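Note sheet for the following structure.
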Amino acid sequence: MKSKVPIIIGIGFAVYTVFVAIAVTNYEPTIADMDWEDRQAHNQGALTQLSLGQHIETVRSKLGAADFSEAKTSDDKKMLVLFYRTHHGKSDGKTTKDECTPLLFVDDHLVAWGPDTYKQYLDAKLTI
1 MKSKVPIIIG
11 IGFAVYTVFV
21 AIAVTNYEPT
31 IADMDWEDRQ
41 AHNQGALTQL
51 SLGQHIETVR
61 SKLGAADFSE
71 AKTSDDKKML
81 VLFYRTHHGK
91 SDGKTTKDEC
101 TPLLFVDDHL
111 VAWGPDTYKQ
121 YLDAKLTI
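Numbering-wise (full-length UniProt numbering), the sequence shown opens with residue 1 and increments by one.
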């Protein structure tokens with residue numbers, strides 16, 4: 001009588017191989033799961049899809065959690081600047097603001113992004 005062990009092992013291996021192939025081809029990492037290089041590339045691409053006036057939740061759904069944020073009120077308007085990593089500075093293992101692109105929101109709508117945006121935010125007079 002022949003042993004069925006090799007057949008069972010072969011079937012198990014085939015099932016495992018199919019499972020791994022499906023998992024690998026269908027896996028989409030979330031933004032939070034990406035390493036810094038992948039996230040940086042993702043953010044660069046996502047920034048090209050932004051439009052002025054977009055709601056903050058729409059932007060967050062495209063870019064995920066910001067690396068840094070600051071907020072204040074100016075002339076009774078809520079201002080929020082979110083920083084997203086978009087370029088590499090020095091290899092120190094830490095993301096810094098100079099490696100990020102700032103996005104400025106006023107009353108939860110995107111009004112500016114790019115190199116001069118943070119200066120616009122800083123220049124706005126703080127009101128309480």
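Just so it is clear, CB atoms sit at the ideal spot from N, CA and C, and this is done for glycine as well. In this text the structure is predicted, and so the values were computed from the model without any measurement.
Is it the case that the Cβ atoms of residue i and residue j are separated by a distance below 8 Å?
i: leucine 104; j: threonine 117; result: yes
i: aspartate 98; j: glycine 89; result: yes
Could you round the C-beta distance between residue i and residue j to whole angstroms and report it? I think they count as a contact, below 8 Å.
i: threonine 101; j: leucine 47; result: 6 Å
i: histidine 87; j: glutamine 40; result: 7 Å
i: valine 106; j: lysine 77; result: 5 Å
i: threonine 73; j: isoleucine 128; result: 7 Å
To which residues of the same chain is residue i closer than 7 Å at the C-beta, ignoring the five residues directly before and after it?
i: aspartate 67; result: Phe83, Tyr84, Arg85, Thr95 and Cys100
i: glycine 64; result: Ile31 and Ala32
i: glycine 114; result: Thr101
i: valine 15; result: none
i: alanine 112; result: Leu104 and Gln120
Using only CA atoms, which one of the options lies nearest to residue i?
i: leucine 50; options: Tyr121, Asp123, Lys119 and Leu110; result: Leu110
i: alanine 71; options: Ser91, Asp108, His55 and Val5; result: Asp108
i: alanine 124; options: Val81, Gly93, Gly89 and Thr25; result: Val81
i: isoleucine 56; options: Ser69, Ser3 and Gly10; result: Ser69
i: methionine 79; options: Phe13, Tyr27, Ile22 and Leu122; result: Leu122
i: serine 91; options: Trp36, Arg60, Gly45 and Ala112; result: Trp36
Across which residues does DSSP place residue i in a beta bridge pair?
i: serine 69; result: Leu82
i: leucine 103; result: Leu82 and Trp113
i: serine 74; result: Lys77
i: histidine 55; result: His109
Using a Cβ-Cβ cut-off of 8 Å (strictly less than) and excluding sequence neighbours within five positions of residue i, which residues of its own chain qualify?
i: serine 54; result: Rather than serine, the amino acid found at residue 54 in this sequence is glutamine. If we look at glutamine 54 and ignore the five residues flanking it on each side, its Cβ neighbours are His109 and Leu110.
i: asparagine 43; result: Leu63, Tyr84, Arg85, Thr86 and Thr101
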